[in-house]
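Input: a single structure, listed below in structure tokens.
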Amino acid sequence: MVRAAPHAPRPHRLRDRRLGALRPAHGPAGLAHEGVGVCHQRHARRRRGGRLHRPARHRAEHHGHRLGARRHRGGRHRRHAPDRRRRLRRGLRRRCARARPHDRAHHPRREDPAGDDDDHHGRHRPRLRAAAARPERRAEESVSAGLIADGGAFLGIELGSTRIKACLATGSGEVLATGTSAWENELVDGRWTYALGSVEAGLRAAYASLVEAAEAAHGVRPTAYAGIGISAMMHGYLAFDAAGELLVPFRTWRNTSTAAAAAALSESFGRPVPQRWSAAHLYQAVLDREAHVPAVARLTTLAGYVHERLTGRDVLGVGDASGVFPIDPATGDYDAELLARFDALAAEAGAAPSIAELLPEVLPAGADAGTLTETGAALLDPSGALRPGAPCCPPEGDAGTGMVATNAVRPRTGNVSAGTSVFAMVVLDGGLDPVPDGIDVVTTPAGSPVAMVHCNNGSSELGAWARVFSEFARAIGHPVDDDAVFAAMLGGASSAAIRGDAAEGLLAYNLLAGEPIVGLPAGRPLLVRTPDARLDLAGLGRAQLYSVFAALSTGMRTLAEAGVGIDRLLAHGGLFRTDGVAQQALANALDAPVSVGEAASEGGAWGMALLAAYRGAVAAGARASLADWLDSAVFAGASARTVEPDAGGVAAFDAYRARWEAGLPIVRAAVAALD
């Protein structure tokens, strides 16, 4: 190649067809171009079946090349169509750029930050800015890589209803890598369950996904951590014998087969005990005289089970423990008086062991909950690369990690989590006496009392409809990703809300499981409409979205009537990834402002990584409360997007909810008719 000095412009022409050597080309700015001959020859070969072809015309203008080639067919010359020429020019420019980058020394206007944005050379400026930023990015990546390599990052893992997520973060909450694996509950013998083998397989898959993501992003595979935290869906029934063997398949929070036990315990305790709580499951097994009950030696949650497998410690974070058995806020431990009442009821039914002997130790956020053992490291990473010894924080439930992830752990703050289930957590600024029906009292990871409105059914039915549309798109040869499908459905719901008429006569019931808050022992998902109701994407999307929040709004009305105050309500979960739509629907459903933070989609795994980091800070001497530490170390300067309820939207949701509640007998009939 010949490189010319940037002066004395000459016409551009080919000098050697075999080598593709060029005379230099110069535009008004004195630009020199290289590599055009070789690229042009490749281009010509492609057009003429591999034979070298000399174009009829070849010129350069400024930094681009314009090709106007004639092809000889049947003795006649014919120019390419304009769109064909444009494609050829674009391809030529890309191939030339790959062949040899331009020398900046011969492009003075690229270096000029004061150049005209409308100039042809303006397109190069973003590259310069990116290039200038590369050293800073490389430095940041180097710091992150060093932190990971030195075992200074924090690992949070959450076992959700449909996904197991892993998150690697710094001590200030910066996300370094994430991983995920999918799993699903099964309905076996009338009970919702997960196999413990699936727990192990899912953990390993999620962890392997995170390790690969860390290596792809930072060039290093983590082998040690500054802290580890485990979270999972709360409640349910995991009963083990003295040898550590599971006595009956895991019964998840989704089961609604403990109505008799929940009613008896609620009456004895003088406060509501939900059907999904572990104490209710145990007492129901006692009432049913199940054969395994005398052998029960240990009762725990899914997070507690995984934590024990990793560390050998049988402990629970106080937030997770509060979904097993009521917590005394004065002691931060199980309520001793209520433990005695449970034992008395169980003894009447023929059970002898004290429940206190079966339950895990309760720990607050920041406490030492053991270290990763060799067995635990092998469970997460069978390759042997993961080293034991990482300190672990108390395992928590998904409700607690949601509060941490949204920084809603102070009194009068609340958060709404929307996933397979949907629930609201409001931190109380005092007691709640009496506790209204349908309201649970649990705690934050630090032990502060929380009023919880829990609905068993969330966005699963909405997701099922999204899968139908995704399958349809694939069937007609236009596959789209899941985010695009949800955007179309929820975007239609948004436009329907603006019209205000799309869900008239159309009702959606998202009830895959029973919904105690509205008195349903079992569920059947339904879509019902009057004959004259309009059925379109907008109306369907709106009806499905409103159904996610219908039962929740009932419980939130109960809280408001009980005088529970809320200064700030934040939302998180995958449903809020589509900007504004679900957030506005929730604000309308609750008739209250709703905020979504920057990390709303990071979820509980990130919240668990933060709890692991807080445990590290406390171990290093920090005296700040969890709320103060989150404010200063993680959320200082964080922004959130807030939407206000819309008067028309509030009226539309209220009308929908009234029809939805009036139609609940349809669901009861479906439960009776469809086994």
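Letter 385 of the sequence shown, counting from 1, is numbered 384 in numbering that gives the first Met the number 0, and no numbers are missing. Just so it is clear, CB atoms sit at the ideal spot from N, CA and C, and this is done for glycine as well. The model shown is predicted, which means the values in this text are computed figures rather than measured ones.
DSSP puts residue i in a beta bridge; with which residues?
{"i": "Y193", "result": "Answer is none; Y193 lacks a bridge partner."}
{"i": "P448", "result": "T442"}
{"i": "A639", "result": "G596"}
{"i": "T412", "result": "R567"}
{"i": "G150", "result": "Note: G150 sits in no beta bridge, so no partner."}
{"i": "R162", "result": "A181"}
{"i": "R297", "result": "F239"}
{"i": "R528", "result": "L505"}
{"i": "C454", "result": "V421"}
{"i": "E307", "result": "Its beta-bridge partners do not exist; DSSP assigns none."}
Looking at C-alpha atoms only, which residue of the options is the closest neighbour of residue i?
{"i": "G579", "options": "D645, W605, E199 and L609", "result": "D645"}
{"i": "A350", "options": "Q283, P328 and A364", "result": "Q283"}
{"i": "G218", "options": "V142, P515, G615 and G602", "result": "V142"}
{"i": "G316", "options": "L286, L358 and E347", "result": "L358"}
{"i": "S546", "options": "Y508, A570, D531 and D380", "result": "Y508"}
{"i": "V408", "options": "G491, G446 and A492", "result": "G446"}
{"i": "V305", "options": "A377, T443 and S624", "result": "A377"}
{"i": "G491", "options": "G457, L511 and D535", "result": "D535"}
{"i": "S459", "options": "D531, F324 and L544", "result": "L544"}
{"i": "P410", "options": "L195, A181, G189 and G429", "result": "G429"}
{"i": "L385", "options": "G375, P393, A242 and T405", "result": "G375"}
{"i": "T169", "options": "Y613, A654 and E660", "result": "Y613"}
{"i": "L371", "options": "P393, A194 and S631", "result": "P393"}
Would residue i pass as a contact of residue j if the rule is Cβ separation under 8 Å?
{"i": "P205", "j": "I147", "result": "What sits at residue 205 in the sequence shown is Ala, not Pro. Not closer than 8 Å, so no."}
{"i": "V314", "j": "E373", "result": "no"}
{"i": "A165", "j": "Y224", "result": "no"}
{"i": "A302", "j": "A231", "result": "yes"}
{"i": "L526", "j": "I665", "result": "no"}
{"i": "L569", "j": "V421", "result": "no"}
{"i": "G365", "j": "C391", "result": "no"}
{"i": "G712", "j": "L209", "result": "The chain is shown from 0 up to 674; residue 712 falls before or after that span and cannot be answered."}
{"i": "L344", "j": "A294", "result": "no"}
{"i": "V649", "j": "D590", "result": "yes"}
{"i": "L404", "j": "L427", "result": "A small correction: the amino acid at residue 404 is Ala; Leu does not occupy that position in the sequence shown. Not a contact, by the Cβ cut-off of 8 Å."}
{"i": "D677", "j": "E395", "result": "In the structure displayed, the chain extends from 0 to 674; residue 677 sits before or after that span and is not available."}
Classify residue i as buried or exposed, calling it buried when 16 or more other Cβ atoms lie within 10 Å of its own Cβ.
{"i": "G388", "result": "exposed"}
{"i": "A261", "result": "buried"}
{"i": "G311", "result": "exposed"}
{"i": "R473", "result": "exposed"}
{"i": "R466", "result": "exposed"}
{"i": "I475", "result": "exposed"}
{"i": "P112", "result": "Note on P112: pLDDT 32, under 50, position unreliable in the model; the coordinate value appears next. When all chains shown are included, P112 counts as exposed."}
{"i": "D332", "result": "buried"}
{"i": "P448", "result": "buried"}
{"i": "L167", "result": "buried"}
{"i": "R622", "result": "exposed"}
{"i": "H234", "result": "buried"}
{"i": "S382", "result": "exposed"}
{"i": "L679", "result": "Residue numbering for the chain in the displayed model covers 0 to 674; residue 679 lies beyond these limits and cannot be assessed."}
Quick one: Cα of residue i to Cα of residue j, how far?
{"i": "T400", "j": "S160", "result": "14 Å"}
{"i": "A129", "j": "E173", "result": "Confidence is the limiting factor: at A129 the pLDDT is only 39, short of 50, which leaves the residue's position unreliable, though a coordinate-based value still follows. Going from the Cα of A129 to the Cα of E173 covers about 22 Å."}
{"i": "A669", "j": "R523", "result": "6 Å"}
{"i": "R667", "j": "L519", "result": "7 Å"}
{"i": "S469", "j": "T419", "result": "19 Å"}
{"i": "R69", "j": "A176", "result": "Because R69 sits at a pLDDT of 39, beneath the cut-off of 50, its placement in the model cannot be relied upon, and the following sentence gives the value as read from the coordinates. If you take the alpha carbons of R69 and A176, they lie about 53 Å apart."}
{"i": "A423", "j": "I163", "result": "21 Å"}
{"i": "D397", "j": "D674", "result": "31 Å"}
{"i": "G573", "j": "G603", "result": "11 Å"}
{"i": "P363", "j": "E244", "result": "28 Å"}
{"i": "A571", "j": "L510", "result": "One detail in the question is off: residue 571 reads as His in this sequence, not Ala. Going from the Cα of H571 to the Cα of L510 covers about 21 Å."}
{"i": "L505", "j": "A586", "result": "21 Å"}
{"i": "H280", "j": "N455", "result": "16 Å"}
{"i": "L379", "j": "F268", "result": "40 Å"}
{"i": "G675", "j": "L629", "result": "Residue 675 falls outside the range modelled here, since the chain spans only 0 to 674, and no answer is possible."}
{"i": "S321", "j": "T299", "result": "12 Å"}
{"i": "A542", "j": "A238", "result": "40 Å"}
{"i": "P271", "j": "R288", "result": "23 Å"}
{"i": "D439", "j": "H453", "result": "8 Å"}
{"i": "F485", "j": "G564", "result": "33 Å"}
{"i": "A661", "j": "Y655", "result": "10 Å"}
{"i": "A258", "j": "Q274", "result": "6 Å"}
{"i": "P248", "j": "A608", "result": "29 Å"}
{"i": "T553", "j": "A241", "result": "43 Å"}
State yes or no: is the C-beta of residue i nearer than 7 Å to some heavy atom of the ligand NAD?
{"i": "G429", "result": "With respect to the ligand NAD, the structure offers nothing, as it holds no ligand at all."}
Residue i CB to nearest chain D CB: under 8 Å?
{"i": "N509", "result": "No chain D appears in this structure, which consists of one protein chain only."}
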